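So the protein sequences, as listed, match chains R and E. In this text, residue positions in the first sequence follow this note's numbering: the first is 2, and each later residue adds one. In this text, residue positions in the second sequence follow this note's numbering: the first is 122, and each later residue adds one.
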Amino acid sequence: MTPIWPRAVLIGTAVCLLLGSPAHAYLAYVSNEKANTVTVIDTDRFEAVKTIKVGQRPRGIEVTKDGKFVLVACGDDDTIQMIDTKTDEVTGTLPSGPDPELFSQDPTGKLLYVANENDNTVTILDIEQRTRVGDVQVGVEPEGIAVSPDGKILINTSETTSMAHFIDAASHAIVANVLVGSRPRFAAFKQNASELWVSSEVGGTVSIIDPVKHVVTSKISFAIPGLRAEAIQPVGIAISKDGATAFVALGPANRVAVIDAVTHEVKKYLLVGQRVWHLAFTPDQKYLLTTNGISNDVSVIDVSALKVVKTIQVGELPWGVAMREP
Amino acid sequence: MIRIVLTASVLLALTRVCGADSTDVKIGYMHRLERVETLSLLSLPADNDGLAGAQLGIDDNNTTGKFLGQRFSLHERALKEADDAAAAASDLLGHGVGLLIADLPAADLLKVADAGRGHGLVVFNAGATDDALREQDCRADVVHTAPTRSMLADALAQYLVWKQWRRWLMVVGSHPKDQLFADAVRRAATRFGAKIVQERVFEDTGGARRTDSGIVQLQKQIPVLTQSAPAYDVLLAADESQVFADDLPYRTWDPRPVAGSAGLVPTSWDAGFDQWGAVQLQNRFIKRFSRRMTALDFQAWSAARMIGEAAVRTKASDPGALFDYIKSPAFELAAFKGQRLTLRNWNLQLRQPILLADGRMVVSVSPQDGFLHPVTALDTLGYDQPETKCHLQ
């Protein structure tokens, strides 16, 4: 990685110069699993500007739809902490149930769906009231959570069961179970709801599911010269708003796959830091940030150039990343 | 003997005629109830050691199964000293059990496999680490989830060589299984470039594992046992019988770490292991059984989960169909080891990373970086295909 540094900085600087004024000033919040902190990154300068102390083992992270809070799942504290974005301090908690990992909001920002790995449950929370309003029994070790763009269907992937569960958001009933590759960890809808993508960490594939027919229509696999197949472990997925391009984090393969989201063809592998977990676009979709678990850094990908343009040092073992528009 | 087998076949035929629920997968679990002596109180196995792992695997399978209309049940046979393993296998077959998880000594395991021959019994060896069961004595209907002694010794050797601790003093117990582990350590030393500078034997002369004033003597005996040795880096103990190895750490003549049967121990699972989502399995286990998960529990869990995985992927419940899938290249098991586990098709051994644990923490996981293999780094552990003596039949 070292030789890339000076060049990356130069390109990063060039990009900033080209963009001119700090018109966007987005903030990225990165959860550091081991450090028990959240690092705040200014995406104009691509620099870490603040470190926030949070609870034990922070992983899943999201910004509320109203932008008032950053929610971070602190698994070993069995809670979701609420960081007030005005003060960047933890000011409250949500009753998530045991060992929360990933979660997702419904499109209105009122409800939060949480995967509780320890008791095979998806917990449903009212964010404003900070209360538990329901739960759904799913497969063994629920992990990935996604909500359909219209908010009607909730998806949960359970790792040891190797399924994507389709849950009716109104009745909380499971309406379909779709078998995917081993240890499914993350689920993401295309913006137009035409496809659901599910990554399987141990299976090494991404399943594309027809959300209406509840069937796997195709499976994306990955092959990187010189790397053993076992090292390719897809986790985080980010699909562009226009549905044209998707990025998949490949874990210990230290790469992010660039995929034509229409043909499902892998176009390129971008070398990032070590053990890449999760991804997030800047709100303008010009950049994609990746959390690199073992190298303690975040890589910045220029989305149009498909190049890694910068690496930012964060806390110990970064895991999740979320974006905020101040 | 013949009568028992015949009865079993008749019963089996009857079950088929009467049409047992086609979605019910019946899994047997066979083990011997025998008292195990250990040096450390902490090593005394629970009565349900292994069995609990299989039960948790069945639970996991049923949680998934409820979405697919599949059910899994466990049928235990605990053998007392005089009980015949082959007869118990035939009895299970008679009850419609076609898949059997076994925690049995090698001789019993072969008896069970031979009794199941021709009746479609598939045996999952979750307990025996004997290399012979995967080599000259291998069977086409026996899958092994327990790692072999050679896999365990290779895993330890890779780490010690990576540390540049290449000179080993080895103390070997006097029981046959101690000798077998010592053989595996010698092989590993040759393979990975370590040197056994000297071997000493610890003769088991009988006597109690614990006494009211034992430490006073031990503190003087172990230094004597380990004094005047050629220069060495690590003391390797080959003591599967648990007669002396746990007494070695902190008592050696020279200040040296201990590895093998005590100190840094190679194992398929450890209660302190928490990487790659393992803490979820640990928590599930503790919640259900109020104790911690052992290596034997993990090996039995893996066997139950292999069956569950095959049932989910094939939507079948017939043992033959499940076994075919397990032997196919499509098979993979997610087992919290950081990568998929697959089967060595030449001897039906489950490939797996091996943990190196010190009793509290997992110090490392082998294979180590830099030990290369044309197919998978996991095959740097244990006997590899080109050197195998196994001809499956």
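Beta carbons: idealized from backbone N, C-alpha and C, even for Gly. The model shown is predicted, which means the values in this text are computed figures rather than measured ones.
Mind pulling the chain E residues with CB within less than 8 Å of residue i?
i, result
"R:S183", "E430, E453, L454, A455 and R461"
Going by C-alpha to C-alpha distance, which of the options sits closest to residue i?
i, options, result
"R:I53", "R:T86, R:I154 and R:G76", "R:T86"
"E:G171", "E:F193, E:T266 and E:S362", "E:T266"
"E:D445", "E:N466, E:A228, E:A425 and E:G459", "E:N466"
"E:R255", "E:L471, E:P376 and E:V433", "E:L471"
"R:S219", "R:V207, R:D127, R:L228 and R:V213", "R:V207"
"R:L318", "R:A29, R:Y30, R:L28 and R:A36", "R:A36"
"R:I233", "R:I240, R:K242, R:G244 and R:A250", "R:A250"
"E:P450", "E:A456, E:R461 and E:F457", "E:R461"
"E:N169", "E:D181, E:M151 and E:D180", "E:M151"
"R:V55", "R:T38, R:R46 and R:V64", "R:T38"
"E:V322", "E:D505, E:D375, E:F492 and E:A359", "E:A359"
"R:L289", "R:Y270, R:E102, R:V216 and R:V309", "R:V309"
"R:A306", "R:G204, R:K242, R:Q275 and R:T246", "R:T246"
"R:T291", "R:L113, R:N297 and R:A281", "R:A281"
"R:S159", "R:D151, R:D136 and R:S183", "R:S183"
"R:K153", "R:E142, R:G145 and R:F167", "R:F167"
"E:A392", "E:H512, E:K436, E:A206 and E:R413", "E:R413"
"R:G274", "R:T80, R:N293, R:I221 and R:I146", "R:N293"
"R:L95", "R:S195, R:L180, R:E129 and R:A230", "R:E129"
"R:G61", "R:G68, R:T88, R:E142 and R:I81", "R:I81"
"R:I302", "R:T283, R:N193 and R:V217", "R:T283"
Identify the continuous alpha helix (DSSP H) that holds residue i and give its terminal residues.
i, result
"R:D211", "From DSSP, R:D211 is part of no alpha helix (DSSP H) but of the beta strand (DSSP E) over T206 to D211."
"R:K153", "No alpha helix (DSSP H) holds R:K153; DSSP gives it neither H nor E."
"E:D145", "Here E:D145 belongs to no alpha helix (DSSP H); instead the beta strand (DSSP E) covers D145 to R153."
"E:M572", "Not covered by the structure: residue 572 of chain E. The range shown for chain E is 122 to 514."
"E:Y446", "P440 to K448"
"E:N404", "A399 to F410"
"E:T347", "G335 to T347"
"E:W283", "R270 to W283"
Can you find a CB in chain E that lies within less than 8 Å of the CB of residue i?
i, result
"R:E231", "yes"
"R:L95", "no"
"R:I313", "no"
"R:E118", "yes"
"R:G204", "yes"
"R:D121", "According to the sequence provided, residue 121 of chain R is Asn. The question's Asp does not apply to it. Yes, R:N121 lies at the interface with chain E (some Cβ there is under 8 Å from its Cβ)."
What first and last residue would you give for the beta strand (DSSP E) that runs through residue i?
i, result
"E:S382", "No beta strand (DSSP E) contains E:S382, which DSSP labels as neither H nor E."
"E:G294", "R288 to G294"
"R:W198", "L197 to S201"
"E:N182", "Where E:N182 is concerned, there is no enclosing beta strand (DSSP E), although the alpha helix (DSSP H) it sits in stretches over L172 to G186."
"R:D298", "D298 to D303"
"E:L477", "I475 to A478"
"R:K214", "Unbroken run through R:K214: none, as it is neither H nor E."
"R:P319", "P319 to R325"
"E:L160", "Neither: E:L160 is in no beta strand (DSSP E) and is coded neither H nor E."
Against chain R, with Cβ distances strictly below 8 Å, would residue i count as a contact?
i, result
"E:S143", "Because E:S143 carries a pLDDT of 49, less than 50, the predicted location of this residue cannot be relied on, and the following value inherits that uncertainty. No, E:S143 does not count as interfacial toward chain R."
"E:T326", "no"
"E:Q401", "yes"
"E:D181", "yes"
"E:T185", "yes"
"E:T497", "yes"
"E:G491", "no"
"E:G398", "yes"
"E:Q506", "no"
List the residues of chain R whose Cβ lies closer than 8 Å to the Cβ of residue i, in chain order.
i, result
"E:F188", "G140, T162, M164, H166, I175 and N178"
"E:G174", "Going along chain R, no residue has its Cβ under 8 Å from E:G174, so there is no contact; the nearest lies around 14 Å."
Determine the chain R residues that contact residue i at a beta-carbon separation under 7 Å, and present them in chain order.
i, result
"E:N169", "Near E:N169 there are no residues of chain R at all, since even the closest Cβ is about 21 Å away, more than 7 Å."
"E:V433", "S163 and L180"
"E:N404", "N119"
Under 8 Å, Cβ to Cβ, is there at least one residue of chain A near residue i?
i, result
"E:A173", "Judged by its chain identifiers, the structure shown contains no chain A, and its protein chains are R and E."
Requested in this report: Spell out a yes or no on whether the stretch 148-163 of chain E and the stretch 196-207 of chain E are touching, meaning 3 or more CB-CB pairs, one atom from each, closer than 8 Å.
Outcome: yes
Requested in this report: Check whether the stretch 343-358 of chain E touches the stretch 226-246 of chain E, taking contact to mean three or more Cβ pairs, one atom from each stretch, closer than 8 Å.
Outcome: no
Report task. Flag this pair as touching only if the stretch 341-351 of chain E and the stretch 314-329 of chain E have three or more C-beta atom pairs under 8 Å; answer yes or no. Result -> yes
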